[in-house]
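Peer 1: One structure, pasted below without further comment.
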Amino acid sequence: MMFTWIFYVLVLSALIVLFSVMFGHFFGGDNLIPAEADAGMESAARIDANAAAVSDNRFDNISFDVVLRGYRQDQVDAVIENMRQRIIALENLTGTKEKG
Numbered sequence: 107m108m109f110t111w112i113f114y115v116l117v118l119s120a121l122i123v124l125f126s127v128m129f130g131h132f133f134g135g136d137n138l139i140p141a142e143a144d145a146g147m148e149s150a151a152r153i154d155a156n157a158a159a160v161s162d163n164r165f166d167n168i169s170f171d172v173v174l175r176g177y178r179q180d181q182v183d184a185v186i187e188n189m190r191q192r193i194i195a196l197e198n199l200t201g202t203k204e205k206g
């Protein structure tokens with residue numbers, strides 16, 4: 107009788123492991139993290155495309171690569187820096203400065 111319960115526990119454990127592996131394979135988020143070899147090329151191209159979108163006032167065309175915990179920080183930082191430079195240029199052009 108005791109060996110039956112041990113057998114049931116082992117079978118249940120094996121099924122849990124099997125279904126966990128299958129679930130991770132089909133629904134895993136491994137496609138969100140870019141490979142290191144080509145991530146620099148894609149990121150540089152995305153940064154250039156975002157810079158062109160900012161300079162042409164096409165703000166709806168700004169996009170970022172998605173990684174495990176959000177967006178690629180280097181791409182976001184580049185867009186923020188481009189926006190900051192545009193604000194400074196517009197302030198110098200109009201002669202107004204924002205207080206603060």
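Numbering (our numbering), first residue to last: 107 to 206. Beta carbons: idealized from backbone N, C-alpha and C, even for Gly.
1. My assumption, with CB atoms under 8 Å, is that ARG152 sits in contact with ASP171. Please give the rounded CB distance.
2. State the start and end residues of the unbroken alpha helix (DSSP H) segment that holds PHE133.
3. In the DSSP assignment, the alpha helix (DSSP H) including THR202 goes from what residue to what residue?
4. State buried or exposed for VAL115, treating a residue as buried only when at least 16 other CB atoms are found within 10 Å of its CB.
5. When burial is assigned at 16 or more other CB atoms within 10 Å of the CB, is ALA184 buried or exposed?
6. Tell me which residues share the same chain as ASN188 and place their Cβ nearer than 6 Å to its Cβ, disregarding the 5 neighbours each side in the sequence.
7. In or out: GLN179 buried (at least 16 other Cβ within 10 Å) or exposed?
8. Please classify GLN181 as buried or exposed, where buried requires at least 16 neighbouring CB atoms within 10 angstroms.
Peer 2: Put simply:
1. 6 Å
2. 108-133
3. Careful: THR202 lies outside any alpha helix (DSSP H) and carries neither H nor E.
4. exposed
5. buried
6. ALA157, VAL160
7. exposed
8. buried
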